[in-house]
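Residue numbers (this note's numbering), protein chains in the order written: chain A, 416 to 543; chain B, 16 to 1126. From the three backbone atoms N, C-alpha and C, an ideal C-beta is built for every residue, glycine too. None of the values given here were measured: they were computed from a predicted structure.
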């Protein structure tokens, strides 16, 4: 399946702008930005993304909590989630994966390669 | 001997008396017996004598009868025949006493002449019958032999003429019997001693005539044969040769008429006349019928003889009796004494026995009690008889009923816990074998399953052959002890395991610094084994200079009780065994062990930490620098591009670039903050402190932040201003603080709200407040507001931006600028951050003004524009007890002089508004100030003097820098009455308001008392004013009163200190405390007295100095 719709959850506006530009322009995805977990939960039903890029450190509901909530809802439970965080030590990656994340991307990210990375992860999980 | 005479010798005496009585009785008896005997003997003797007398008389009668026989036989008796008869008699030899034997012829009166002629015819020419006279009948002694001596006188004597003779002759004649006369005086008594005499007559009748009747006898009477006797002679030797035991006296007649005494044997025998003293014991008078006469013979025992011979016996009896009595007495006395002794001994012994018994009983009881108290029982086993004896306590201990179950070895074994029986048995057997006493601890198992622990000791006695005789032992209940021991052991093990497992080193030292304990961690840290260091001084773990300091710390603590390190975590350096040093964190607490102080130190090797810190610092520093460099390029480049100067940019490109630029700026800020923080912490930040107009700085900051705030759609409003307020700050840093506060306020304010800024003066400070209407700061976060990297919610920061260092930096900055920073927030109602800075003193302004001076104190005006010098002068003056005001400008000085009374002025010549010289001139010009003493204290003394040129006086001129002693002496010189008039000042440091109130009222009369309630306040007051006496409470709200002592000690002149406390305390030695009192023990009188004394002592040094001055 081709990846077309991505929901990006990030509280930092600057990063929102950069990421959105990078993904839309360079990846050609349709990207919806959410500033926090609640917004994301609200948007996800509407937008029906194929992939959710989820920032870990967020005010209010942080990334993992948002993921949990997503998993609780059968409609959204199976949408793959990629975490974005500065903490990318292998054991930390394993932890996030244990939570149910598909993968973890490092911050800061290179806007040029962000799309490629996302695509790779998408393709990888598609293959299964 | 004495004992013999003692006490109950009554019996002896009685016996003695009895014996004596007996003796006396015996003697009496004896006497009586003797008397009887004597009497008997006497009687016998009497009989003997009587018989003898009568015998003699008879013998003599026989002679006469013999002579009469002559006449009978012969027709006539011639003279010659008569002579022959008598001679043959040998009168002298055989018949003492008889004077002779004679014949008296009866002559009738008619025959008288014929008679005479016939006799004369015989040859006796002178013969006559005498006494002449006419008588009825005449007798004449015709024959008398021995015809010599006295007898011659009797020749021819007519005995019949004499009455007494006549009587006897008649009797004889009439009776025909022999008759004797009564007592006569013989005619023979012509010479010599006269004796009593008598005559014996035997009548002679004519043979052929009848003599049957008296008449016939008269007719027949021829004559008489007679003998005269001298009685004494007659009686002499009547008793024979032997000594007569009696004396007798013969009285003629029937009475013992002295006239009739014929013979007294005593007198005759030459013995002295019976003296009344020696009256004979026995007397008897008897009548002897002596031929018609009655002789009364009184017999008397002779006292000499009777005495001698019965006294000998009685003497014997007496002495022997006495002797016997004495012996008896002695005997009895001895017996008595012995008996008494024995009795005494017996009673003593009885008493002794009783006492012993009692004691024994008491001892027994005591033993029992002791055993019960100590829970020790004793037992004894007689090995020969296998008899086992248990003391009561054993029964109690073993919980065996004494009455039902006897003491047996089996019972003993049974009570022992089964697991221990073997051991006990073995121990006993072993002790018998080794002949050694043993002790063993074992358990007892009670019937209900309880276990008791006991300690048993036993020793055995052996006889000469080495056989065991008796075993004795004690059993002590040590259950409690055993439990306690176990607990103690457990506790110790627990403690030890804590110590062993603690990660930090735990070292304890005593008051001499000697190491008492050293746990495993300490071993690890220092590289020593505990045994190597225990007992040694802890200094060995420190390198210099700490080593030397440590002694100082300990010393100081001992002296003052104020610990220097204790309680505080300090970073020090430690010295390892291998000589290497390492950084160490040390926290010391004090404790006590067995009454001695014990210091416990927690040691942490912070080498790692330090390294990490160092690394961090270096890292921060390096990285910051490393980061800065590229950032400069980035932000620079971006800035250029964004400025538009390098050409138009497409929309998206521009927004991206702006984002980039903004964030690179953010990065720069962050790095700056980090660096600042690091430098602040290291103390490396430099401040350029200048006097600034605060409001202008605030305005600037606000203006600068407006644009930033606008981002958040927050307005900044200054609602209150303090124009003209000046502060000494580093302008840039102050603005940094302002930015921080403003940006925070803006960040946390909801959009559309405004942030309010207020600036106002509060006393000596100026306060800047920045208030927002955001969500406020939660309570639990309140404490951490000013900490590094702390933000209420870490994720919040990402949204709000900021480094998390802002407030921490601001706090440091403000504090470095002598201010304080704080906040106030109600959650949900926003937050208000504020800081206060001290106002810069207006040099021209009034620096200090004390208002009403205490009465009696001298007031000094210090005119000095340099605030530090002014402060110095003020301190000197107030310490010395003066009231001082300081003013920085001349005009103000004058105003003050006019409005208040000053006794002295110190004058700086360099004043901001006028020269001191001109001020002096002005002062002197005023008449009211003519006498006002002025001391010039200036750096330009010489110039000043020149300027004045002697025109007006200053009391003294003092150089700067100020010599305090010189100044004070000058002041005193100007104000000599200082000491006398001063009222003492007391500072009472006390947090108990009531008590301090009481003390204040009490001491009102003697001193001015100022009360402060906290240490901090006390410090301040001590720094600003002079006190003569400090009353110091120990327990204050914000610390220990002792902490003030160093400050007090440093004061010049030093006030006296009275330490008052609520409870007993140990004052640190050598602390200069005048007196220490305990509140509850000190009456108000004694407190007052102490205060008085303290003030008095305090005053004397001054007086001494004053005296010095005057000489």
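- DSSP places residue 374/B in the helix class (H, G or I) of the three-state scheme.
- Among the residues of chain A, those whose CB is under 8 Å from the CB of residue 677/B are 429, following chain order.
- Excluding sequence positions up to five before and after residue 899/B, its CB lies within less than 8 Å of the CB of 863, 865, 874, 875, 876, 877, 888, 889, 892 and 893, all in the same chain and listed in chain order.
- Of all residues in the region 432–443 of chain A, the ones placed with a Cβ closer than 9 Å to any Cβ belonging to chain B are 432, 433, 436 and 440, in chain order.
- DSSP places residue 978/B in no beta strand (DSSP E); its state is neither H nor E.
- Our two residues, residue 211/B and residue 48/B, have alpha carbons roughly 38 Å apart in a direct line.
- Here residue 417/B carries a coil assignment [DSSP, helix/strand/coil].
- Under the three-state reduction of DSSP, residue 1032/B is assigned to helix.
- Going by beta carbons, residue 351/B and residue 27/B fall inside the 8 Å limit.
- Annotation: residue 534/B is outside any beta strand (DSSP E) and is labelled neither H nor E by DSSP.
- C-alpha of residue 467/B to C-alpha of residue 606/B: approximately 37 Å in a straight line.
- For residue 427/B, the uninterrupted alpha helix (DSSP H) run begins and ends at 424–430, by DSSP.
- Considered as a whole, the region 812–850 of chain B harbours 821–831 as its complete alpha helix (DSSP H) runs of no fewer than 4 residues, in chain order.
- Looking at the backbone, the Cα of residue 472/A and that of residue 460/A are separated by about 23 Å.
- For residue 899/B, the secondary structure class from DSSP, reduced to helix, strand or coil, is strand.
- Only buried fits residue 158/B, as 16 or more other CB atoms lie within 10 angstroms of its CB.
- Taken through DSSP and simplified to helix, strand or coil, residue 880/B comes out as coil.
- At the C-beta level, residue 219/B and residue 237/B come within 8 Å of one another.
- At least one beta carbon of chain A lies nearer than 8 Å to the beta carbon of residue 667/B.
- Counted as a single uninterrupted DSSP element, the beta strand (DSSP E) harbouring residue 1003/B occupies residues 999–1004.
- When the beta-carbon positions are compared, residue 788/B and residue 845/B come within less than 8 Å of each other.
- A distance of 8 Å or more separates the beta carbons of residue 470/B and residue 432/B.
- Put simply, of 662/B, 681/B and 666/B the residue whose alpha carbon is nearest the alpha carbon of residue 646/B is 681/B.
- Counting along the chain, the unbroken alpha helix (DSSP H) around residue 937/B starts and ends at 931–940.
- For residue 735/B, the enclosing beta strand (DSSP E) stretches over residues 730–735.
- Proximity of chain A to residue 674/B at the Cβ level (cut-off 9 Å) is accounted for by 428, 429, 430, 432 and 433, in chain order.
- When DSSP states are grouped into helix, strand and coil, residue 491/A belongs to the coil group.
- For residue 452/A, the enclosing alpha helix (DSSP H) begins and ends at 452–462.
- Taking a beta-carbon distance threshold of 8 Å, residue 758/B does not count as an interface residue toward chain A.
- The DSSP assignment places no complete alpha helix (DSSP H) segment of no fewer than 4 residues inside the region 762–807 of chain B.
- Judged by DSSP in its simplified three-state form, residue 625/B adopts helix.
- For residue 790/B, there are no neighbours in chain A by C-beta distance under 9 Å, as the nearest C-beta there is about 12 Å away.
- Counting every other CB atom within 10 Å of its CB across the protein chains shown gives residue 125/B a total below 16, marking it as exposed.
- Here residue 72/B has 195, 215, 305 and 306 as same chain residues with Cβ atoms under 8 Å from its own Cβ, once five neighbours each way along the sequence are excluded.
- Between residue 671/B and chain A, the shortest Cβ-Cβ separation is below 8 Å.
- By the CB criterion at 8 Å, residue 116/B and residue 333/B fall outside the cutoff.
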